[in-house]
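When you read off a place in the sequence shown, starting at 1, and then add 65, the result is the number in the working numbering.
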Amino acid sequence: MIYRLLALNIDGTLLQSNGKIHKSTKEAIEYVGQKGIYVTLITSRSFPSARKVARALKIKAPLVTHQGAFISSAQEKPLYVKRINEEITYDTICFLEALPCQIRLVHENFSLANKFKLGSNLLAKTVFTSGDPVFYSQQFVSSLSEYLHDQPVTPPKIEVYFEEKKDLEDAKKALSTMYMEIEMIELDRLRLDIVPAGVSKLNGLTYLGNQLGIDRKEMVVIGDGLDDIPLIEAVGLGVAMWNASYEVKRAADWITRSENENGVAYMVKEHFRKQQPIEFLRKMNIIKK
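Here it is, written out as structure tokens:
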């Protein structure tokens, strides 16, 4: 099979556990790009945060961010954007404020969170992964519902961090029966992403593929999260990181090394070195597009 697009998750895949990108990973991404293969990032992160990673890797293709709700290569001119409307955002926040959790409205221009203090280190992690504070405003308020009453927001995504698994399950069940306009994506036992109905990483990647004229079977996805499973199952080659959970590995066609063992670079060397450059394949009439 000839692959024309490589889509990469960021946390737990591209980045090592210390939050850095290894030199071998950068070299692998450059190598794939030189073969004429589109490389994109597909992530739950905000667009500014993903763009920062993309710049470090010299990726210029549109990025699939906010769980697929915001697809763009430039913040001001998105290819695709879908938002949770003002009323549903407000009602959802009012419901969630009754539970012990941290809530973050993740807009492409800013993030807005309540001041709920988590017992774990999750709060630090959310700030760490949300983007460069110089260019991306991160505001914490005592009451999100009071703020939204005066200043409505239409975010592409809402992130919710719980301390107890049961609270996540209760919130997911209740919200799914209350509103048809939103969907819940469970990232792990304590993290829930709320997105507009119809939004997912898979739908986002499919949309990008349609724009580029690339079928799913011509795509490779490397990921480690539960939200990567539909992608891994749907594309031509689905790859799980060694550090992924059993459920993710079970869905994959191939399992690479962990994020701290340069799993992305290893996978690229194993597979893409065998594939001729796209331009050469066109000249030989092996591919038509």
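Glycine is no exception: its CB is placed at the ideal position from the N, C-alpha and C atoms.
Within the DSSP secondary-structure output, Trp-307 pairs in no beta bridge. Looking at the DSSP output, Glu-224 shares a beta bridge with Arg-169 and Asp-258. Beta-bridge partners assigned by DSSP to Gln-203: Ser-176. DSSP, read as helix, strand or coil, puts Gly-288 in strand. Membership of Ile-294 in any beta strand (DSSP E) is not indicated; the residue belongs instead to the alpha helix (DSSP H) covering 294 to 299. Taking 8 Å as the cut-off, the Cβ atoms of Lys-222 and Ala-134 count as close.
Per DSSP, the unbroken beta strand (DSSP E) holding Ile-136 starts and ends at 135 to 137. The C-beta distance from Tyr-68 to Ile-102 rounds to 7 Å, short enough to fall under 8 Å. For the 8 Å CB-CB criterion, Leu-255 and Gly-290 do not form a contact. A distance below 8 Å between beta-carbons, with the five flanking residues on each side excluded, links Met-66 to the following residues of its chain, in chain order: Lys-282, Glu-283, Gly-301 and Leu-302. DSSP places Leu-73 outside any alpha helix (DSSP H); the residue lies instead in the beta strand (DSSP E), whose first and last residues are 70 to 73.
The three-state reading of DSSP puts Tyr-212 in helix, counting H, G and I together. In this chain, the alpha helix (DSSP H) harbouring Glu-95 covers 88 to 99. With contact defined as three or more Cβ pairs closer than 8 Å, the stretch 74 to 86 and the stretch 321 to 334 are in contact. Between Thr-219 and Ile-158, the gap from beta carbon to beta carbon reaches 8 Å or more. Leu-144: not part of any beta strand (DSSP E); DSSP gives it neither H nor E. Collapsing the DSSP output to three states places Ile-343 in a helix. Among the bridge pairs identified by DSSP, Ile-107 is matched with Val-129. Minimum Cα-Cα distance from His-214 among the listed residues Gly-288, Glu-151 and Trp-319 corresponds to Glu-151.
With 16 or more neighbouring CB atoms inside 10 Å of its own CB, Lys-100 falls in the buried class. In this structure, Tyr-155 keeps its C-beta atom at 8 Å or more from the C-beta atom of Val-333. Put simply, of Leu-240, Ile-168, Pro-127 and Lys-339 the residue whose alpha carbon is nearest the alpha carbon of Tyr-226 is Ile-168.
Here DSSP, grouped into helix, strand and coil, assigns Leu-302 to strand. Restricting attention to Phe-181, Gly-288 and Ile-107, the CA atom closest to the CA of Glu-324 is found in Gly-288. Rounded to the nearest angstrom, the Cβ distance from Asp-232 to Lys-266 is 24 Å, too far for a contact under 8 Å.
In this structure, DSSP gives Met-332 a helical state, which the three-state scheme calls helix. Taking the Cα positions, Leu-106 is about 17 Å away from Ala-299.
Phe-175 is positioned such that its CB atom lies no closer than 8 Å to that of Ser-137. In the three-state reduction of the DSSP assignment, Asp-318 falls in the coil class, being assigned neither a helical nor a strand state.
The three-state reading of DSSP puts Met-245 in coil, since its state is none of H, G, I, E or B.
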